[in-house]
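If you're matching positions, the sequence shown starts at 1 in full-length UniProt numbering and goes up one per residue.
For glycine and all other residues, C-beta sits at the position ideal for the given N, C-alpha and C.
Written below as structure tokens is the structure these notes are about.
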Amino acid sequence: MSVLGVRVRLGAGGTVDDVRALKAWLEREEPLAELLSKQKLRIEAQTSTDGTKGRLGPDLELVLKLLGDVVTVAALTEYTARAVKAWANNRRRLQGGDPQPQIRPLDTDGE
Numbered sequence: 001m002s003v004l005g006v007r008v009r010l011g012a013g014g015t016v017d018d019v020r021a022l023k024a025w026l027e028r029e030e031p032l033a034e035l036l037s038k039q040k041l042r043i044e045a046q047t048s049t050d051g052t053k054g055r056l057g058p059d060l061e062l063v064l065k066l067l068g069d070v071v072t073v074a075a076l077t078e079y080t081a082r083a084v085k086a087w088a089n090n091r092r093r094l095q096g097g098d099p100q101p102q103i104r105p106l107d108t109d110g111e
């Protein structure tokens, strides 16, 4: 069975704390919060399998998996991109730097 969703990876400026903060932000952001409350979406932090060469420590990313056909991947990508942009702007204002988030659809096997 194919897994539909999106992957959010932070660039070299991102930290483990950033991943946690972004996950919390996404969990509160409408309409993602609504999908979570209806158990139609799962957000997982995981170690990236194709990490950046030469970077110390694990590459962490967030994976948002759809658990039903309630929205399309395109809609989920749009919701996620809006939320990530708001989070990144907020982080930049409070802490400086740019975590350079990247968002892309999951491959059909969920990877």
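(request) Thinking residue 9 and residue 48 are a contact (beta carbons under 8 Å), I'd like their distance in whole angstroms, please. (result) 6 Å
(message) Since residue 62 and residue 23 should fall inside the 8 Å C-beta cutoff, what is the C-beta to C-beta distance between them, to a whole number of angstroms?
(response) 6 Å
(message) Looking at the strands, I want to know which residues DSSP matches up with residue 106.
(response) Residue 106 is not bridged to any residue.
(request) Please report how far the alpha carbon of residue 107 lies from the alpha carbon of residue 7, in whole angstroms. (result) 9 Å
(request) Measure the alpha-carbon distance for residue 68 versus residue 40 and round it to whole angstroms. (result) 6 Å
(request) In the DSSP assignment, find the unbroken alpha helix (DSSP H) run with residue 66 in it and report its ends. (result) Premise fails: residue 66 lies in the beta strand (DSSP E), 60-66, not in any alpha helix (DSSP H).
(request) For the beta strand (DSSP E) containing residue 39, list its first residue and its last residue. (result) From DSSP, residue 39 is part of no beta strand (DSSP E); its letter is neither H nor E.
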